[in-house]
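Per the numbering used here, the very first residue in the sequence shown carries number 2; after that it's consecutive.
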Amino acid sequence: MKLLWQVADFARGFRRHLRFGKLSRAPLRLIRTELQGSVVECDWVLRAEDPWDADLGAAERERKISEQALRDAISLREILFASMPEIEAGVLNAFRFWAVPQKAELVVRGEVTRDTQYLFRVNSLAMQAKLYGFQFQLNHGILQPLQSERSNFVFQHSSSEPQNERRANICHQ
Numbered sequence: 002m003k004l005l006w007q008v009a010d011f012a013r014g015f016r017r018h019l020r021f022g023k024l025s026r027a028p029l030r031l032i033r034t035e036l037q038g039s040v041v042e043c044d045w046v047l048r049a050e051d052p053w054d055a056d057l058g059a060a061e062r063e064r065k066i067s068e069q070a071l072r073d074a075i076s077l078r079e080i081l082f083a084s085m086p087e088i089e090a091g092v093l094n095a096f097r098f099w100a101v102p103q104k105a106e107l108v109v110r111g112e113v114t115r116d117t118q119y120l121f122r123v124n125s126l127a128m129q130a131k132l133y134g135f136q137f138q139l140n141h142g143i144l145q146p147l148q149s150e151r152s153n154f155v156f157q158h159s160s161s162e163p164q165n166e167r168r169a170n171i172c173h174q
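Structure representation (C-alpha cells):
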C-alpha cells in the first residue's frame, strides 16, 4: 500500500512541478509509467513550442524545445527519486511525435540511478543531463532521434512536411 501512495505522490509531483516549463507553457504529457521492483520506467511526450515563440525562426524554436526537453528530463528524475524513496533506478524516455508523420521519435533516453552525485560545478545543461545518465544527440542545439526498438508508438498529427526534409531545413537555418 505504501508503494501505491508513493506512485500517487509521483503523479501529483509530476503534475504540480512540470505543469509549465521554463521555456514553454505547454503541458508535459506522461504517457506510461511502469513499476517493476525497484525500477520505474516512464515515457513522456516533449512539450510543444510556446505560442509566443511563433515569430522566432524554426531553428530557434526547435532549440528552445530541445533545451526544455533536457530541463524536463532532469526535473522528472528529481521528482521520481524524491517521491519514491524505495526506487533505486529509472528508465526515462522522451518522445517527440510532431516531427514525424504517424510515428513517435525517441529523442531522450535515460537510465538513471539514485546515487548520482550532485553536479554543482557543471554549468552546461547538456553535460548535466549526460552526467545524470541521459542519452541524446544534439545537432546545432536541436535534439535528433535515437535509434531504439521502443520507438514504435503511433500518434496522429497534422505535419505534411517529410521528416528528413524538415530536419535538414531546420538544421541549415
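Glycine residues also receive a C-beta, built at the ideal position from the N, C-alpha and C atoms.
Please read these numbers as outputs of a predicted model, since none were measured by experiment.
Measure the beta-carbon distance from residue i to residue j and round it to whole angstroms, keeping in mind my assumption that it falls under 8 Å.
{"i": "L81", "j": "G91", "result": "5 Å"}
{"i": "S39", "j": "I88", "result": "6 Å"}
{"i": "A27", "j": "D51", "result": "7 Å"}
{"i": "A70", "j": "V109", "result": "6 Å"}
Closest to residue i by C-alpha separation, out of the options, would be which residue?
{"i": "F98", "options": "E35, L47, L29", "result": "L47"}
{"i": "A49", "options": "R62, L139, V40, G142", "result": "R62"}
{"i": "L31", "options": "R64, C43, Q37", "result": "C43"}
{"i": "D10", "options": "G58, M85, A27, V109", "result": "M85"}
{"i": "L77", "options": "F137, A27, A130", "result": "A130"}
{"i": "M128", "options": "L147, T114, E68, P52", "result": "E68"}
{"i": "A95", "options": "Q37, Q138, L36", "result": "Q138"}
{"i": "I75", "options": "P146, P28, V113, L147", "result": "V113"}
Let me know the secondary structure DSSP gives residue i once reduced to three states.
{"i": "Q145", "result": "strand"}
{"i": "R115", "result": "coil"}
{"i": "D44", "result": "strand"}
{"i": "I88", "result": "coil"}
{"i": "L57", "result": "coil"}
{"i": "L126", "result": "helix"}
{"i": "A236", "result": "Since the first and last residues shown for the chain are 2 and 174, residue 236 lies out of range."}
{"i": "F135", "result": "strand"}
{"i": "L107", "result": "strand"}
{"i": "L71", "result": "helix"}
{"i": "L81", "result": "helix"}
{"i": "E63", "result": "helix"}
{"i": "F11", "result": "helix"}
To which residues of the same chain is residue i closer than 8 Å at the C-beta, ignoring the five residues directly before and after it?
{"i": "R64", "result": "H141, G142, I143"}
{"i": "D56", "result": "none"}
Among residues of its own chain, excluding the 5 on either side of residue i, which ones have a beta-carbon nearer than 6 Å to its beta-carbon?
{"i": "R33", "result": "D44"}
{"i": "G134", "result": "G111, E112, V113"}
What does the Cβ neighbour count give for residue i, buried or exposed, with the cut at 16 atoms within 10 Å?
{"i": "G58", "result": "exposed"}
{"i": "A83", "result": "exposed"}
{"i": "D1", "result": "Residue 1 is absent from the structure shown; the chain starts at 2 and stops at 174."}
{"i": "P146", "result": "buried"}
Of all the CB atoms in chain D, is at least one closer than 9 Å to the CB of residue i?
{"i": "L139", "result": "The structure shown has no chain D; it contains just one protein chain."}
Quick one: what's got a C-beta closer than 7 Å to residue i's C-beta in the same chain, skipping five residues either side?
{"i": "V123", "result": "Q129, L132"}
{"i": "L93", "result": "C43, A74, L77, R78, G111, V113"}
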